[in-house]
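Below is one structure, written out as structure tokens; comments come after it.
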Amino acid sequence: MAVLHAAGAPLTTTGYTLLIADDPTQVAAAQRLRHEVFATELGATLRPGEPGLDVDSFDAYCDHLIVREDSTGAVVGTYRLLPPGRTSRRYAEGEFDLTALDPLRDDLVETGRSCVHPDHRSGAVINLMWAGLTRYLHLRGSRWLGGCASVPVTDGGRMVAEVWSQAQARHLSPPPLRVRPLRPWFAEPAAAASPAAAAPGRPVAIPPLLRGYLRLGAWICGEPSYDSDFGCADFYVLFSLDRMNPRYLRHFLGGEQR
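Using full-length UniProt numbering, read the sequence shown as starting at 1 and increasing by one per residue.
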């Protein structure tokens, strides 16, 4: 818990506490939640390993942000954070050519494997996780956050098309910060017949996590890549504390802002 505890007690909200996992039992609880959400609920194909856990080679290098339900002690939300200097690899390099982001590499925390238990998908849990991410960046002295944001394709790609349409209209990163998908979703046969975007008057609700990123000022760094294991299209999202609305920054950091 060293990072979030640098400024005192872990973050809390009514019924929940957020912290960085600091022992193998807490990490395993996060991996168990990931398996429950990704494999059991969403049908993802995960790497073979310990039954009931989602484990990969990046876990050992990462900090695992967890939300714990106070009444039961259960881990009901998690985010995986890979800070600079832990390893030369990045998870997103399996889906994108990240060469354009090399100038940010020493100041960029990679996020991934975020999920919330279906019984706890409330604004309280999601806001607590956002506060934790913001505090983590602030206390580390890092300014950039980047990683894959997944969009389901079970609707034939309609949601992906809508996200891309919104990105091109107002959320696309500057050209020097564009990444290239290694397996472009729009080149997939399943995407060929998908609509260009939502029909007028019939808006598509984009995933809450991605919607939160964009509300806080994040950029989408180009076209999505297809993740066949998870059966989704992934957009690379890049976020800077310098672009965050000061009102949100004050809300998430409270008295810690300097």
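We treat Cβ as the ideally placed atom computed from N, Cα and C, and that holds for glycine.
For clarity, every value in this text was computed on a predicted model and none was experimentally measured.
So, helix, strand or coil for L216, using DSSP?
The DSSP-derived three-state label of L216 is coil.
Reference C62; option with closest CA among L42, R113, P103
Checking every option, the nearest Cα to that of C62 belongs to R113.
Could you pull out every residue in the same chain whose Cβ sits closer than 8 Å to the Cβ of A44, ignoring the five residues on either side in sequence?
F38, D229, F230, G231
Same chain, Cβ closer than 6 Å to W164, neighbours up to 5 away in sequence not counted
Result list for W164: empty, nothing under 6 Å.
If you reduce the DSSP assignment to three classes, tell me which class R178 lands in.
Correct three-state label for R178: coil.
Whole angstroms is fine: what's the gap from G52's alpha carbon to R34's?
9 Å
Answer with buried or exposed for A187, where buried requires no fewer than 16 other C-beta atoms within 10 angstroms of its C-beta.
With fewer than 16 other Cβ atoms from the protein chains shown falling within 10 Å of its own Cβ, A187 counts as exposed.
Which stretch, first to last residue, makes up the beta strand (DSSP E) that contains F252?
Note, F252: premise wrong, no beta strand (DSSP E); alpha helix (DSSP H) at 246 to 253.
Reduced DSSP category for A198 - H, G, I as helix; E, B as strand; rest coil:
Here the model assigns A198 a pLDDT of 49, short of 50, so the residue's position is not dependable and the matter cannot be decided.
Excluding the five sequence neighbours on either side, which residues of its own chain have a C-beta within less than 6 Å of the C-beta of S150, listed in chain order?
C232, D234
Applying the 10 Å Cβ sphere with the 16-neighbour rule, what's the burial state of R89?
R89 comes out exposed.
Identify whether L46 lies in helix, strand or coil by the three-state DSSP scheme.
coil
Please report how far the alpha carbon of R250 lies from the alpha carbon of H138, in whole angstroms.
12 Å
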